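Read through the structure below, which is laid out as structure tokens, and then see the notes.
In mature numbering (1 follows the signal peptide of the UniProt record, and there is no 0), the protein residues as written are -24 to -1, 1 to 332.
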């Protein structure tokens, strides 16, 4: 049995963002064989489970890295439904551990309640902000990277139509979508083109949502509709539901490309999807989880100081194009490189009401 399998725990029923974008991203040393620490750390997944090919999986990778490098004893409580969430956070605190990591907006309320009741425990929450003196938000300005993804999509589309859809109308989702649409607009302005974006209206802050982050069939049906309207590059921001975009493209024989989110899809998705994976809008969740635990190990003090991933500190970015590298011309890549530098310098500002 694997180390991860040994640590899976069934649901238990008993029991002002101030970090500057210029701060360097946490480094991953990979030293391993660390001396044992007095700190122990618990993680609670959202209802998407541990192997979601998204932020739960990346967060757990950070926990395991902290164990290897810092000697921290780590454990994960896996939520499989909404009814597991609050009991699992309570159970995590009940272990007496110093650090509790929760993942996603679904766990915000339970995190806040337990943090108030346990002021000496260091909590951290991924992709959400909970205002409490002992809760560290781990958040990412993904609009910056998805702006590049939108520019890329507009540069490679052959139909002049690209698309996006989300799992739910929530800030961590719509932040990607805002940047994506603005990136397409920037390409159109630079090249005099009129590439159309389906699925998201920035001004109205509304668009296409599946209402789910796990049902792949919903993603497939949604993507089939977008492909039928001419979309040949799709950005799903919907966790596992996003896999339906690949299935829809394969079934339609359309060769519509997909831009994944969170963790490089080339490393986490089935190999059959690789020929359709253009890139991934990545969040460096793993390294930021390690940083949060490392800070507690070093200081022994709780804090609410947020960790914010940006292009500048490499907390967000675009993954390699892998099998589709030949679809991105040197000229387009040069534009993307220049655009990235303009965003980092502040010359280009990517705005979103959901920005951290």
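Glycine included, C-beta positions come from ideal geometry on N, C-alpha and C. Because the structure is a prediction, the values reported are computed rather than measured.
Beta-carbon spacing of residue i, residue j below 8 Å
i           : j           : result
residue 17  : residue 42  : yes
residue 22  : residue 57  : no
residue 333 : residue 255 : No answer is possible for residue 333: the residues shown for the chain start at -24 and end at 332.
residue 81  : residue 104 : yes
residue 136 : residue 153 : no
residue 77  : residue 100 : yes
residue 239 : residue 220 : no
residue 127 : residue 159 : yes
residue 273 : residue 15  : yes
residue 74  : residue 97  : yes
residue 312 : residue 26  : no
residue 121 : residue 292 : yes
residue 117 : residue 226 : no
residue 195 : residue 175 : no
residue 62  : residue 86  : yes
residue 24  : residue 189 : yes
Spatially closest choice to residue i from the options, by CA coordinates
i           : options           : result
residue 208 : 229, 190, 193     : 229
residue 184 : 121, 288, 145     : 145
residue 191 : 175, 157, 215     : 215
residue 180 : 193, 25, 157      : 157
residue 267 : 222, 125, 35      : 35
residue 115 : 319, 295, 289, 29 : 289
residue 111 : 138, 118, 79      : 79
residue 168 : 282, 66, 131, 121 : 131
residue 205 : 326, 310, 140, 86 : 140
residue 66  : 258, 44, 93, 48   : 93
residue 138 : 171, 186, 150     : 171
residue 201 : 188, 182, 223     : 223
residue 252 : 19, 242, 319      : 242
residue 286 : 259, 48, 182, 173 : 259
C-alpha distance - residue i paired with residue j, whole-angstrom precision
i           : j           : result
residue 38  : residue 250 : 25 Å
residue 71  : residue 308 : 52 Å
residue 102 : residue 31  : 8 Å
residue 301 : residue 212 : 20 Å
residue 13  : residue 193 : 44 Å
residue 234 : residue 317 : 25 Å
residue 8   : residue 262 : For residue 8, the predicted structure reports a pLDDT of 45, less than 50, and the residue's modelled location is therefore unreliable. A value from the coordinates is still provided. Cα-Cα distance, rounded: 15 Å.
residue 246 : residue 236 : 13 Å
residue 91  : residue 269 : 16 Å
residue 164 : residue 264 : 35 Å
residue 6   : residue 304 : Residue placement at residue 6 is poorly supported in this model, since its pLDDT is 42, which falls under 50; the coordinates are not used for a value here.
residue 129 : residue 64  : 40 Å
residue 46  : residue 295 : 27 Å
residue 280 : residue 109 : 5 Å
residue 328 : residue 155 : 7 Å
residue 113 : residue 177 : 27 Å
residue 330 : residue 314 : 25 Å
residue 297 : residue 95  : 45 Å
residue 325 : residue 332 : 14 Å
residue 134 : residue 231 : 11 Å
residue 149 : residue 197 : 19 Å
residue 20  : residue 186 : 24 Å
residue 162 : residue 173 : 12 Å
residue 248 : residue 257 : 20 Å
residue 277 : residue 44  : 22 Å
residue 151 : residue 210 : 16 Å
residue 28  : residue 306 : 34 Å
residue 299 : residue 203 : 21 Å
DSSP three-state assignment for residue i, whether helix, strand or coil
i           : result
residue 247 : helix
residue 146 : coil
residue 8   : For residue 8, the predicted model reports a pLDDT of 45, less than 50, meaning its position is unreliable; a value from the coordinates is still stated below. DSSP places residue 8 in coil when its eight states are reduced to three.
residue 320 : helix
residue 191 : coil
residue 172 : strand
residue 76  : strand
residue 38  : helix
residue 205 : coil
residue 102 : strand
residue 329 : coil
residue 51  : strand
residue 287 : coil
residue 20  : strand
residue 238 : strand
residue 340 : Examination of residue 340 is not possible in this model, given that the chain is present from -24 through 332 alone.
residue 228 : helix
residue 279 : coil
residue 113 : strand
residue 183 : strand
residue 25  : coil
residue 160 : helix
residue 257 : strand
residue 97  : coil
Interface flag, residue i vs chain C, CB-CB below 8 Å
i           : result
residue 242 : Included in the structure is just one protein chain, with no chain C present.
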